[in-house]
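Numbering (my numbering), first residue to last: 33 to 177. We put the beta carbon where it would ideally sit given N, CA and C, even for glycine. In this text the structure is predicted, and so the values were computed from the model without any measurement. Quick notes on the structure that follows.
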């Protein structure tokens, strides 16, 4: 599994909002500058996150974005599914019901199913708040995803 730039930037964007949540609505240009990400690229990511009800927005002079819920309510797995679609390591595990013609005779399916379970449990077990807490525990001046 390779995580796209879009997904990595979405996590960086959301972590920035979480870190600055006490400041109210955060203008996109501020996040873009802090994270060194193009504002135009962030606009594409914001559209995805907003349609998934991850963000609240406000227009005007005090406009910007903030998380729709507390950072401990969003998991990395949720965010990656919004930006990447499925997290399954192989296509036949993308859907709830495996429709692969080889499912009954596939010798590798149990291994792939196990990997899918490990990936899902790991990513669904980490919240945005966990990531902020880990960052603060390290005492670092910047984070990299």
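Inter-residue distance for residue 64 and residue 130 is about 41 Å (C-alpha atoms, whole angstroms). Residue 119 sits in coil when the DSSP states are folded into three classes, being neither helix nor strand. Taking the Cα of residue 103 as reference, the smallest distance to any Cα among 118, 79, 144 and 86 is reached at 86.
Beta bridge pairing from DSSP links residue 88 with 98.
Check the Cα spacing between residue 49 and each of 67, 139 and 149: the tightest is with 67.
Nearest neighbour of residue 78 by Cα position, chosen from 38, 161 and 110, turns out to be 38. Within the same chain, Cβ atoms closer than 8 Å to the Cβ of residue 41 are found at 67, 69, 73, 74 and 77, the five residues on either side in sequence being excluded. Within 10 angstroms of the beta-carbon of residue 117 lie fewer than 16 other beta-carbons, which makes it exposed. In the DSSP annotation of this structure, residue 55 is not part of any alpha helix (DSSP H), being labelled neither H nor E. Within 10 angstroms of the beta-carbon of residue 140 lie fewer than 16 other beta-carbons, which makes it exposed.
Here residue 37 carries a helix assignment [DSSP, helix/strand/coil].
The secondary-structure analysis by DSSP pairs residue 159 across a beta bridge with 107.
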